[in-house]
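Reading through the structure tokens given below for one structure.
Protein chains in written order, with this note's numbering: chain A, 257 to 596; chain B, 103 to 424.
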């Protein structure tokens with residue numbers, strides 16, 4: 257491996273080590289999600305399986321620029337970012353497979369997972385809701401006098417249409433919070449195209465309306481994603497207020513496992529939007545001679561072994577037991593014994 | 103003699119919480135230097151700089167923000183300008199705050215203060231009583247204090263509880279209801295209170311309807327009836343034991359609420375008493391709610407939309423003849 261910093265065509269220095277590290281998270285996410293899809297097909301996973309195929313570069317570029325102590329609320333296509341933020345594949349598999357030992361203990365599933373005490377928020381399905389929640393965490397940190405931290409959350413093109421998204425971003429702008437909101441414009445909200453979702457030229461234009469900084473990024477180009485997200489996260493961390501990052505890309509799979517995505521046009525698939533970020537990144541690092549094909553192949557094998565071993569382990573773990581379940585929704589102990 | 107109003111008790115509880123607990127902060131529309139639409143946060147921004155913050159008109163984001171802050175260990179108090187507007191934040195309350203502990207084992211200690219209930223001229227969008235909606239969702243505590251003392255002690259308890267609390271304070275009581283002093287003792291918020299003992303019939307009620315019910319009970323006392331009045335204080339948890347004990351004494355039950363009639367607290371109380379205390383009943387349990395229309399604006403209409411001492415007395419007379 258020869259992952260050292262080089263200067264790209266632009267004046268920015270691209271960190272080869274970081275690029276390779278990001279690529280490894282992307283590869284892990286892609287392979288893990290292929291495993292999740294297989295587990296779904298074989299009936300081992302109940303409920304939906306939501307995959308981030310085509311969005312790994314964008315997702316990892318955010319996660320990899322966050323630090324321990326930051327707050328991160330990923331959305332449904334952020335397996336790569338979750339791994340980069342520090343979630344092991346164990347939590348992902350346990351939640352999908354409903355292990356009693358997972359962080360959600362069978363009480364919630366699939367992508368609705370996190371460890372909020374560790375700054376890793378567990379999304380609710382209602383889009384836009386996490387923008388204000390992350391903002392609240394940042395306000396709490398401000399009360400405690402903590403500086404140099406960042407909160408980040410992700411959303412899709414469809415999610416930007418919600419009132420919750422607007423309210424949250426406006427609140428964050430008023431409070432000048434160190435918030436990064438990454439919008440993956442993958443052209444479709446489930447099956448609804450951009451033309452039925454918004455009427456502005458580009459979603460990044462909305463940053464002006466909120467009085468915050470907007471960034472555009474080529475969502476399937478890891479080099480560009482790393483560069484832009486580095487800039488956005490650093491700006492937020494330095495006190496420049498909320499940063500809105502809008503990425504153009506294409507979801508290379510259905511909304512969930514049941515969706516064949518027949519609405520995605522052939523022209524889009526053939527356009528630059530349809531490039532697979534994995535292939536783009538792989539070609540880039542091979543061209544830069546940061547890694548050899550043999551090294552990439554060995555990474556893939558290592559990751560596949562880890563996925564198989566973790567899956568086997570989780571499949572042996574106990575399911576939640578309804579007899580053991582507390583069935584108590586309250587944290588306050590004296591409320592437990594009451595007839596509610 | 104000095105006296106303190108229901109509203110002043112709410113302000114005093116918040117001042118005490120801000121004083122004693124650095125994790126507490128207040129967020130809401132106009133709550134800062136203006137002191138809130140009803141002045142429930144009067145002077146608090148000045149007394150506690152930076153901890154009483156004006157919010158934009160964004161009920162969803164206000165609650166979402168409180169959830170994030172609560173996860174991080176703060177104890178936010180959110181003032182909704184009117185309970186009616188909390189429906190704009192409903193999603194964050196019922197799907198996010200209410201589910202958080204069950205899903206993640208991380209507590210969500212926040213208080214949403216809802217100025218509830220009707221006042222003359224309030225109309226359809228500044229008068230509603232929404233406790234039943236919130237009580238429906240697992241994970242929320244719903245308090246409905248009807249006295250100055252309870253407004254004070256229950257709000258302090260709400261702030262200390264590790265769960266999201268919907269604190270329904272009645273606007274009609276804000277200025278009119280007075281006590282001599284703030285209480286020094288507190289009954290736990292999850293216990294109902296027998297406010298007036300009796301033996302002929304039980305009225306179970308809460309919030310402003312407590313006072314209408316007490317007035318009705320006083321009226322029936324002139325006719326020789328002893329009516330027991332039970333103040334629920336909280337509608338979730340619901341203190342079924344105290345209700346059943348009262349029905350065991352009287353054999354007759356009327357449940358009174360200012361909220362809309364379909365479902366709700368009155369139906370819940372009657373369902374529980376019927377299921378768990380059927381043998382205690384000497385007559386079919388009765389309920390009295392507001393009418394099943396939006397809350398009307400004109401005082402003449404509003405005055406007959408909600409239960410009053412007079413309609414409660416009539417309902418009691420009917421119940422006693424059943």
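C-beta: ideal position from N, C-alpha, C; glycine also.
Item checked: Environment of residue 401 of chain A [buried if 16+ CB atoms lie within 10 Å] -> Taking the first residue of the first chain as position 1, residue 401 of chain A is located at position 145. Residue 401 of chain A should be labelled exposed.
Check: Roughly how many whole angstroms lie between the Cα atoms of residue 492 of chain A and residue 122 of chain B?
Finding: What you label residue 492 of chain A is simply residue 236 of the first chain in a count that begins at 1. What you label residue 122 of chain B is simply residue 20 of the second chain in a count that begins at 1. Distance between the alpha carbons of residue 492 of chain A and residue 122 of chain B is about 33 Å.
Note to self: Less than 9 Å between CB atoms is the rule here; does residue 157 of chain B satisfy it with respect to chain A?
What the structure shows: Translated into positions along the second chain, residue 157 of chain B becomes position 55. It does; some Cβ of chain A falls within 9 Å.
Check: For the 8 Å Cβ check, are there 3 or more pairs between the region 305-313 of chain A and the region 521-535 of chain A?
Finding: yes
Next item on the list: Identify every residue that forms a DSSP beta bridge with residue 306 of chain A.
Entry: By 1-based counting over the first chain, the position of residue 306 of chain A is 50. For residue 306 of chain A, which the question treats as bridged, DSSP gives no partner whatsoever.
Checklist line | For residue 285 of chain A, the nearest candidate out of A:346, A:272 and A:271 (CA to CA) | finding: Looking up residue 285 of chain A in the first chain gives position 29. Considering only alpha carbons, the answer is A:346.
Check: Is the number of C-beta pairs between the region 325-335 of chain A and the region 467-487 of chain A that are closer than 8 Å three or more?
Finding: no
Next item on the list: Select from the region 169-186 of chain B all residues with a C-beta closer than 8 Å to any C-beta belonging to chain A, and list them in chain order.
Entry: Answer set for the region 169-186 of chain B: 169, 170, 171, 172, 173, 174, 175, 176 and 178.
Next item on the list: Measuring alpha carbon to alpha carbon, tell me which of B:243, B:262, B:146 and B:285 ends up nearest residue 292 of chain B.
Entry: By one-based count along the second chain, residue 292 of chain B stands at place 190. Selected option, being the one with the closest Cα: B:243.
Checklist line | Cβ neighbour criterion (16 or more within 10 Å) applied to residue 88 of chain B | finding: Only positions 103 to 424 of chain B appear in the structure, and residue 88 of chain B is not among them; the question remains open.
Next item on the list: Give a yes or no on whether the minimum CB-CB distance between residue 419 of chain A and chain B is below 9 Å.
Entry: In the first chain, residue 419 of chain A corresponds to position 163, counting from 1. Chain B has a Cβ within less than 9 Å of the Cβ of residue 419 of chain A.
Checklist line | Whole runs of the alpha helix (DSSP H) within the region 427-469 of chain A, excluding any shorter than 4 residues | finding: 462-466
Notebook entry, point to check: Would you say the region 317-336 of chain B touches the region 347-356 of chain B, given that touching needs at least three Cβ pairs under 8 Å?
Noted result: yes
Next item on the list: May I ask you to report which of helix, strand or coil DSSP gives residue 599 of chain A?
Entry: Since the first residue of chain A shown is 257 and the last is 596, residue 599 of chain A is not available in this structure.
Notebook entry, point to check: Which residues, in chain order, does the region 373-390 of chain A contribute to contact with chain B at a C-beta distance below 9 Å?
Noted result: In summary, the residues of the region 373-390 of chain A whose CB is separated from some CB of chain B by less than 9 Å are 373, 375, 377, 378, 380, 381, 382, 384, 385, 386, 387, 388, 389 and 390, in the order they occur in the chain.
Margin query: For chain A, check one thing: does any of its Cβ atoms lie closer than 9 Å to the Cβ of residue 200 of chain B?
Written below: The residue you call residue 200 of chain B lines up with position 98 of the second chain. Yes, residue 200 of chain B counts as interfacial toward chain A.
Item checked: Contacts of residue 341 of chain A in chain B (Cβ-Cβ under 7 Å) -> As a working note, residue 341 of chain A is residue 85 in the first chain. Chain B residues near residue 341 of chain A: none, gap ~16 Å exceeds 7 Å.
Notebook entry, point to check: From this set, B:266, B:283, B:237 and B:200, which residue's C-alpha is nearest residue 253 of chain B's C-alpha?
Noted result: Stepping through the second chain from its first residue, residue 253 of chain B is reached at position 151. When each option's Cα is compared against that of residue 253 of chain B, the closest is B:283.
Item checked: Spatially closest choice to residue 508 of chain A from A:583, A:394 and A:309, by CA coordinates -> For the purposes of this step, residue 508 of chain A is taken as residue 252 along the first chain, with counting starting at 1. Comparing Cα-Cα distances from residue 508 of chain A to each of A:583, A:394 and A:309, the minimum goes to A:309.
Check: By the criterion of Cβ-Cβ separation under 7 Å, what are the contact partners of residue 427 of chain A in chain B?
Finding: Within the first chain, the letter at position 171 stands for residue 427 of chain A. Within 7 Å Cβ-Cβ: 158, 160, 163 and 167.
Note to self: Please confirm whether residue 209 of chain B has its beta-carbon closer than 9 Å to some beta-carbon of chain A.
What the structure shows: On the second chain, position 107 is the one that residue 209 of chain B refers to. With 9 Å as the cut-off, residue 209 of chain B counts as an interface residue toward chain A.
Note to self: Between residue 206 of chain B and chain A, is the shortest Cβ-Cβ distance under 9 Å, so that the two count as touching?
What the structure shows: In the second chain, residue 206 of chain B corresponds to position 104, counting from 1. Yes, contact with chain A.
Checklist line | Pick from A:413, A:447 and A:570 that is closest to residue 437 of chain A, judged by C-alpha positions | finding: One-based indexing of the first chain puts residue 437 of chain A at position 181. Checking every option, the nearest Cα to that of residue 437 of chain A belongs to A:413.
Margin query: For residue 382 of chain A and residue 389 of chain B, what's the separation of their Cα atoms in angstroms?
Written below: As a position in the first chain, residue 382 of chain A is number 126, starting the count at 1. As a position in the second chain, residue 389 of chain B is number 287, starting the count at 1. So the two alpha carbons sit approximately 37 Å from each other.
Checklist line | Boundaries of the beta strand (DSSP E) in which residue 388 of chain B is found, first to last residue | finding: Position 286 of the second chain, counted from the first residue, corresponds to residue 388 of chain B. Per DSSP, residue 388 of chain B belongs to the beta strand (DSSP E) from 388-390.
Next item on the list: Give a yes or no on contact between the region 296-307 of chain B and the region 269-281 of chain B, applying the rule of three or more CB pairs nearer than 8 Å.
Entry: no
Notebook entry, point to check: Does the beta carbon of residue 134 of chain B come closer than 9 Å to any beta carbon on chain A?
Noted result: Stepping through the second chain from its first residue, residue 134 of chain B is reached at position 32. No, no contact with chain A.
Note to self: Please classify residue 297 of chain A as buried or exposed, where buried requires at least 16 neighbouring CB atoms within 10 angstroms.
What the structure shows: Taking the first residue of the first chain as position 1, residue 297 of chain A is located at position 41. The residue in question, residue 297 of chain A, is exposed, as its Cβ has fewer than 16 Cβ neighbours within 10 Å.
Note to self: Is it buried or exposed, residue 377 of chain B, if we count other Cβ atoms within 10 angstroms and call 16 or more buried?
What the structure shows: As a first step, residue 377 of chain B must be located in the second chain, where it is residue number 275. Exposed is the call here.
Notebook entry, point to check: If you draw a straight line from the C-alpha of residue 412 of chain B to the C-alpha of residue 362 of chain B, how long is it?
Noted result: The count along the second chain starts at 1 and reaches residue 412 of chain B at position 310. The count along the second chain starts at 1 and reaches residue 362 of chain B at position 260. Between residue 412 of chain B and residue 362 of chain B, the C-alpha separation is close to 18 Å.
Checklist line | Rounded C-alpha distance that separates residue 450 of chain A from residue 370 of chain A | finding: As a working mapping, residue 450 of chain A is identified with position 194 in the first chain. As a working mapping, residue 370 of chain A is identified with position 114 in the first chain. The straight-line gap from Cα to Cα measures roughly 30 Å.
Next item on the list: Specify whether the region 221-239 of chain B and the region 190-202 of chain B touch according to this definition: at least 3 beta carbon pairs, one from each stretch, less than 8 Å apart.
Entry: Enough Cβ pairs lie closer than 8 Å, so yes.
Note to self: Counting only beta-carbon separations shorter than 9 Å, does residue 263 of chain B have a partner in chain A?
What the structure shows: Looking up residue 263 of chain B in the second chain gives position 161. It does; some Cβ of chain A falls within 9 Å.
Note to self: When you compare the CB of residue 339 of chain B with every CB in chain A, is at least one pair closer than 9 Å?
What the structure shows: Indexing the second chain from 1 puts residue 339 of chain B at position 237. Cβ-Cβ to chain A under 9 Å: yes for residue 339 of chain B.
Notebook entry, point to check: What residues of chain A sit near residue 193 of chain B, judged by a beta carbon separation below 9 Å?
Noted result: Residue numbering aside, residue 193 of chain B sits at position 91 when the second chain is read from its first letter. The contacting residues are 380, 382, 385 and 420.
Next item on the list: Please report how far the alpha carbon of residue 419 of chain B lies from the alpha carbon of residue 316 of chain B, in whole angstroms.
Entry: Sequence index remark: in the second chain, residue 419 of chain B carries index 317 (1-based). Sequence index remark: in the second chain, residue 316 of chain B carries index 214 (1-based). Going from the Cα of residue 419 of chain B to the Cα of residue 316 of chain B covers about 15 Å.
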